[in-house]
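Colleague: Let me begin by handing over the structure; questions about it come next.
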Amino acid sequence: MSSNNNKLAVLHDVTKVYQTGVVKVEALQGINLTLEREKFSFIVGPSGSGKTTLLNILGCIDVPSSGRFTLLNQEIGGLNDNQLADFRNHHIGYIFQNFNLMAVLSAYENVEYPLILKNIAKKERHQRVSEILDSVGLSKRQHHRPAELSGGEQQRVAIARALAKRPDLILADEPTANLDSKTGAEIIDLMLLMQDHYKTSFIFSTHDMEVMQHANEIITIKDGKIESVNTTIMKQKEGV
Amino acid sequence: MNNLKLAVRNLTRNRRRSLTTILAMVIGMVALLLFGGFISSIYFGLQTGIVRSQGHLHIYQQGYLEYGSSRPSDYYIDQYKTVIDTIKQDDLLKENIKVITPTVSLAGIAGNYAADSSKTFFGAGVIPSDKNKMKLWDQYGLKVVSPPMVLTDTSVGEGVLGLGLAKMLNLCKSLQVPNCTDRPVDSVDGEVDEQILALQALAEDESEQSKGNATKNGVQIDLLASTGSGAPNVVSVSIIKAEQMGNKILDDNLVILHLKQAQNLVFDNEGRVSSIIIQLKDSEKMEAIQQHLRQLLNNNIDLQQQFEVKNFTEFNSEFSQIVNMFIVIFIFIALMISLVVLFTTINTLTMSVMERIPEIGSLRAMGLRRSAIRWQFLLEGFVIGITGATIGIIIAIILTFVFNNSGFGWSPPGSVESQDLKILLFANPLLLIGTWLLMIIVATVSSILPARHAAKMNIVNAIRNT
Chain R
3 MSSNNNKLAV LHDVTKVYQT GVVKVEALQG INLTLEREKF SFIVGPSGSG
53 KTTLLNILGC IDVPSSGRFT LLNQEIGGLN DNQLADFRNH HIGYIFQNFN
103 LMAVLSAYEN VEYPLILKNI AKKERHQRVS EILDSVGLSK RQHHRPAELS
153 GGEQQRVAIA RALAKRPDLI LADEPTANLD SKTGAEIIDL MLLMQDHYKT
203 SFIFSTHDME VMQHANEIIT IKDGKIESVN TTIMKQKEGV
Chain H
897 MNNLKLAVRN LTRNRRRSLT TILAMVIGMV ALLLFGGFIS SIYFGLQTGI
947 VRSQGHLHIY QQGYLEYGSS RPSDYYIDQY KTVIDTIKQD DLLKENIKVI
997 TPTVSLAGIA GNYAADSSKT FFGAGVIPSD KNKMKLWDQY GLKVVSPPMV
1047 LTDTSVGEGV LGLGLAKMLN LCKSLQVPNC TDRPVDSVDG EVDEQILALQ
1097 ALAEDESEQS KGNATKNGVQ IDLLASTGSG APNVVSVSII KAEQMGNKIL
1147 DDNLVILHLK QAQNLVFDNE GRVSSIIIQL KDSEKMEAIQ QHLRQLLNNN
1197 IDLQQQFEVK NFTEFNSEFS QIVNMFIVIF IFIALMISLV VLFTTINTLT
1247 MSVMERIPEI GSLRAMGLRR SAIRWQFLLE GFVIGITGAT IGIIIAIILT
1297 FVFNNSGFGW SPPGSVESQD LKILLFANPL LLIGTWLLMI IVATVSSILP
1347 ARHAAKMNIV NAIRNT
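Which chain is which? The protein sequence lines are R and H, in order. My numbering puts the first sequence at residues 3 to 242. My numbering puts the second sequence at residues 897 to 1362.
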């Protein structure tokens, strides 16, 4: 039985309803889910199934319409906007499908930026950024701006940016969708390596069946409801 | 990577747009500064002209400004030398006064009976050496050369009149004034003729009496005025020059003569004057000195009179009117330019926000607070403002230098002395600092709406917006 300290997230009867004019869309309908720390989890499902909504709630950039959501033992529903921002700043890293790097900053500065937000001293920032850029193989490209980098390189910078502040959780919304399959596989390998190195919990949303083989846990969602939580892969891997 | 550096970099994303915005601000700033510098030039030029001719402060008997112009002989300063001595003995005044001089204002009829001409006039009795000292005042370094008066302290009996009056009194030919034609002389009706003859008789009588005192230079005219008792009095003045006085009213009416002669004409008493003119070393101290003078004179029981002390903005209402007119124009232009800068900057920053929606969403997802996003865009507005305002000042300084060395000249209203047309950019520090701050504030205020829009963005929608 997992202790509370091992629990990454607990969702109890979480719903999310979007109201667009007179149309009411129930994106999530009574989600009950418990996720453990330091896992490589995937949320999968067809388009419109609610996987991105679930990922957004897990990443604290969206709030449930009802239900309870606890992340890292923190009841998220009770936090105001500034508290949520601070929580994200300290505990959550993001990797976006379109990389979303800051165009005016170099690779080094993009990775350094979240550390500035966390008020980390310059010397330590430099040490961390250099180390992580070295880990993702971009030391020689660190002074280039995003426009001068390939898609794969940009996503490596995004991974480095997410990891640099050493968050408890990294969320990635279809991080390989805009990459070719070879680069996508490389990125997944890199994330696995980083997860192993930094012991960070990763949660992905994806359509890509190939990348799912790397998962510890696959959560399948359909029509806003959890269809299955498959931990077989994880157990197989742990068995190995 | 500090926020300021980030703001600067963000503004370089779309260089052309940012440069256009900054250019609009620079043009507005330069226009505003040059116009402000021109107003300063007008302000200090006008002030210099007025202070040189009329001084900073006038001391009158109480009521003179309201009623004295109709009866100058009833409103006078008695024993003016005692008043001047009292002022000169005061430490504060002694230290601050450059020139103190009495003057007599008068009005009456000037007649050149030899040419069968007469006209109403107003005049001033002055001490020429004091007036010449006053013409040297140049607190603002305008370096305008005012030629000294043709009258001297020893030439009692001589006078100067306006060009228009010279024409009307048929003195052009006699005084050999260039570009001046005497009035064509027609015969006059009998009744008027009798009046003229009576005046002429009085004048001739006076001329006989004053013979020996008057110099033989120039052309003699007779000035008729009433004394305090109501009796007519006449003096003969040898006009040695007709000159332009600065405006048509003065040209057509003014006669300048010696103080003593004016005293004899109006008061028949050399202890009385209409007013005392004070020219200060520093215009900035005018109001403090004015207040001090009021207290000094009106609390002195030896003087046995009540006085009023007026400064040049009070006895010369044109100055304030002209300056106020230019200030209103300046404010109007500043308002228009501020509006242009406001809308240009709003447009630029709004476009910038729209282009950076996914980035704003990402930053918020990474943990940036709404206030930090707001601050980022406010900072970008501030950077646009400070860049445009500073470049504007530099260009304005360069253009001012070029303009001031181009040799344009002008005569301020009411002055006959031509002076260099200068843009006095540094004469009023408030102009530079105020305009600089105004542009920065306007640009920063312009960024409030876009910044607010960016900060209020929904994170999920912003990230989706690709």
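Each residue gets a CB set at the ideal place from its N, CA and C atoms; glycine is no exception.
Mind listing the chain B neighbours of R1260 (chain H)? Cutoff is C-beta to C-beta under 9 Å, in chain order.
Modeller: Considering every chain present, this structure includes no chain B. Its protein chains are R and H.
Colleague: When DSSP labels each residue in this structure, what does S1134 (chain H) get in the three-state scheme?
Modeller: Position 238 of the second sequence, counted from the start, is the residue given in the question as residue 1134 (chain H). Residue state, collapsed to three classes: strand.
Colleague: Please classify K120 (chain R): does DSSP put it in a helix, a strand, or coil?
Modeller: Here the question's residue 120 (chain R) lines up with position 118 in the first sequence. K120 (chain R): coil per DSSP, three-state reduction.
Colleague: According to DSSP, is T22 (chain R) helix, strand or coil?
Modeller: Taking the first sequence and counting its residues from 1, the one referred to as residue 22 (chain R) is at position 20. Note: T22 (chain R) maps to strand in three-state DSSP.
Colleague: Run through DSSP, which three-state label would V1205 (chain H) get?
Modeller: Here residue 1205 (chain H) corresponds to residue number 309 of the second sequence, with the count starting at 1. It is a strand residue.
Colleague: What do you get for P1024 (chain H), buried or exposed, if any count of 16 or more other CB atoms within 10 angstroms of its CB means buried?
Modeller: Position 128 of the second sequence, counted from the start, is the residue given in the question as residue 1024 (chain H). Label assigned to P1024 (chain H): buried.
Colleague: Pull up the DSSP beta-bridge partners for P1128 (chain H), would you.
Modeller: Sequence index remark: in the second sequence, residue 1128 (chain H) carries index 232 (1-based). For P1128 (chain H), which the question treats as bridged, DSSP gives the partners H:S1122.
Colleague: Which residues mark the beginning and the end of the alpha helix (DSSP H) in which T1244 (chain H) is found?
Modeller: Position 348 of the second sequence, counted from the first residue, corresponds to residue 1244 (chain H). Per DSSP, T1244 (chain H) belongs to the alpha helix (DSSP H) from S1213 to E1251.
Colleague: DSSP on P1254 (chain H), reduced to helix/strand/coil?
Modeller: As a position in the second sequence, residue 1254 (chain H) is number 358, starting the count at 1. Reduced to three states, the DSSP call for P1254 (chain H) is helix.
Colleague: Establish whether the CB of P1254 (chain H) and some CB of chain R are separated by less than 8 Å.
Modeller: In the second sequence, residue 1254 (chain H) corresponds to position 358, counting from 1. So, interface residue.
Colleague: Verify whether the separation of the beta carbon atoms of S1179 (chain H) and V947 (chain H) is less than 8 Å.
Modeller: Position 283 of the second sequence, counted from the start, is the residue given in the question as residue 1179 (chain H). Position 51 of the second sequence, counted from the start, is the residue given in the question as residue 947 (chain H). Yes, the Cβ-Cβ distance between S1179 (chain H) and V947 (chain H) is below 8 Å.
Colleague: On a CA-only basis, which of R:I220, R:Q31 and R:L135 is nearest E114 (chain R)? Give me that one, please.
Modeller: Translated into positions along the first sequence, residue 114 (chain R) becomes position 112. Taking only the C-alpha atoms, the option nearest E114 (chain R) is R:L135.
Colleague: Would you call the segment 144–153 of chain R and the segment 71–89 of chain R in contact, with 3 or more CB pairs under 8 Å?
Modeller: No: fewer than three Cβ pairs fall under 8 Å.
Colleague: Rounded to whole angstroms, how far is the Cβ of I1174 (chain H) from the Cβ of G964 (chain H), which I believe are closer than 8 Å?
Modeller: As a working note, residue 1174 (chain H) is residue 278 in the second sequence. As a working note, residue 964 (chain H) is residue 68 in the second sequence. The Cβ separation is near 18 Å, so there is no contact.
Colleague: Give a yes or no on whether the C-beta atoms belonging to A162 (chain R) and F204 (chain R) are separated by under 8 Å.
Modeller: If you number the first sequence from 1, residue 162 (chain R) lands on position 160. If you number the first sequence from 1, residue 204 (chain R) lands on position 202. No.
Colleague: Please report the distance separating the alpha-carbon of M1353 (chain H) from that of V27 (chain R).
Modeller: Your numbering for residue 1353 (chain H) matches position 457 in the second sequence. Your numbering for residue 27 (chain R) matches position 25 in the first sequence. Approximately 21 Å between the Cα atoms of the pair.
Colleague: At the level of alpha carbons, what is the spacing between H216 (chain R) and K9 (chain R)?
Modeller: For this step, residue 216 (chain R) is matched to residue 214 along the first sequence. For this step, residue 9 (chain R) is matched to residue 7 along the first sequence. Going by the C-alpha atoms only, they are around 21 Å apart.
Colleague: Beta carbons nearer than 7 Å to chain H: which residues of the segment 169–197 of chain R have them?
Modeller: Those residues of the segment 169–197 of chain R that come within reach of chain H (Cβ to Cβ, closer than 7 Å) do not exist; the list is empty.
Colleague: What's the call for M193 (chain R), buried or exposed, on a 16-neighbour Cβ count within 10 Å?
Modeller: Position 191 of the first sequence holds residue 193 (chain R). By the 10 Å Cβ count, M193 (chain R) comes out buried.
Colleague: So, is the C-beta of F206 (chain R) closer than 8 Å to a C-beta in chain H?
Modeller: In the first sequence, counting from the first residue as 1, residue 206 (chain R) sits at position 204. Cβ-Cβ to chain H under 8 Å: no for F206 (chain R).
Colleague: Scan the segment 97–126 of chain R for residues whose Cβ lies nearer than 7 Å to a Cβ of chain H and list them as they occur along the chain.
Modeller: Correct list: F98, N100, N102, M104, A105, V106, L107, E111, E114, Y115, P116, I118 and L119.
Colleague: Would you mind listing the beta strand (DSSP E) stretches within the segment 1133–1201 of chain H that are 3+ residues and don't spill past its ends, in chain order?
Modeller: Here the runs fully enclosed are 1150–1154 and 1171–1176.
Colleague: Closer than 7 Å by C-beta to E155 (chain R): which residues in its own chain qualify, once you throw out the five before and the five after it? Chain order, please.
Modeller: Position 153 of the first sequence, counted from the first residue, corresponds to residue 155 (chain R). Only L140 and R143 meet the Cβ criterion.
Colleague: Does any CB atom of chain H fall closer than 8 Å to the CB of N84 (chain R)?
Modeller: On the first sequence, residue 84 (chain R) is found 82 positions in, with the first residue counted as 1. Yes, because at least one Cβ of chain H sits closer than 8 Å to the Cβ of N84 (chain R).
Colleague: Quick check: the Cα distance between P853 (chain H) and S1122 (chain H), rounded to an integer number of angstroms?
Modeller: The question about residue 853 (chain H) has no answer here: the residues shown for chain H are numbered 897 through 1362.
Colleague: Going by CA-CA distance only, name the one from H:S937, H:A1351 and H:K1181 that's closest to L1264 (chain H).
Modeller: The residue you call residue 1264 (chain H) lines up with position 368 of the second sequence. Nearest option by C-alpha distance: H:A1351.
Colleague: When DSSP labels each residue in this structure, what does P998 (chain H) get in the three-state scheme?
Modeller: By 1-based counting over the second sequence, the position of residue 998 (chain H) is 102. Residue state, collapsed to three classes: strand.
Colleague: List the residues of chain H whose Cβ lies closer than 7 Å to the Cβ of N58 (chain R), in chain order.
Modeller: The count along the first sequence starts at 1 and reaches residue 58 (chain R) at position 56. V1356, listed in chain order.
Colleague: Using a Cβ-Cβ cut-off of 7 Å (strictly less than) and excluding sequence neighbours within five positions of L181 (chain R), which residues of its own chain qualify?
Modeller: Against the first sequence, residue 181 (chain R) aligns to sequence position 179. Excluding positions up to five away in sequence, the list reads G153, G154, Q157 and I189.
Colleague: Determine the direct distance from the alpha carbon of A105 (chain R) to that of F1215 (chain H), and round the result to whole angstroms.
Modeller: On the second sequence, position 319 is the one that residue 1215 (chain H) refers to. On the first sequence, position 103 is the one that residue 105 (chain R) refers to. Their Cα atoms are separated by approximately 58 Å.
Colleague: Is it buried or exposed for S183 (chain R), if we count other Cβ within 10 angstroms and need 16 for buried?
Modeller: Residue numbering aside, residue 183 (chain R) sits at position 181 when the first sequence is read from its first letter. Exposed, since its Cβ has fewer than 16 Cβ neighbours within 10 Å.
Colleague: Report back the beta-carbon spacing between L961 (chain H) and K1206 (chain H) to the nearest angstrom; my notes put them in contact at under 8 Å.
Modeller: For the purposes of this step, residue 961 (chain H) is taken as the residue at position 65 of the second sequence. For the purposes of this step, residue 1206 (chain H) is taken as the residue at position 310 of the second sequence. That pair is a contact at about 6 Å.
Colleague: Is the Cβ of L74 (chain R) closer than 8 Å to any Cβ of chain H?
Modeller: Numbered from 1 along the first sequence, position 72 holds the residue referred to as residue 74 (chain R). Judged by the 8 Å Cβ criterion, L74 (chain R) is not in contact with chain H.
Colleague: For L60 (chain R), report the span of its beta strand (DSSP E) as first-last.
Modeller: Along the first sequence, read from residue 1 onward, the residue named residue 60 (chain R) stands at position 58. Element bounds for L60 (chain R): not the beta strand (DSSP E) but the alpha helix (DSSP H), K53 to L60.
Colleague: So, do the segment 18–35 of chain R and the segment 53–61 of chain R have three or more beta carbon pairs nearer to each other than 8 Å?
Modeller: The segment 18–35 of chain R is in contact with the segment 53–61 of chain R.
Colleague: Entirely within the segment 198–242 of chain R and at least 4 residues each: give me those alpha helix (DSSP H) ranges in chain order.
Modeller: List check, alpha helix (DSSP H) in window: 234–241.
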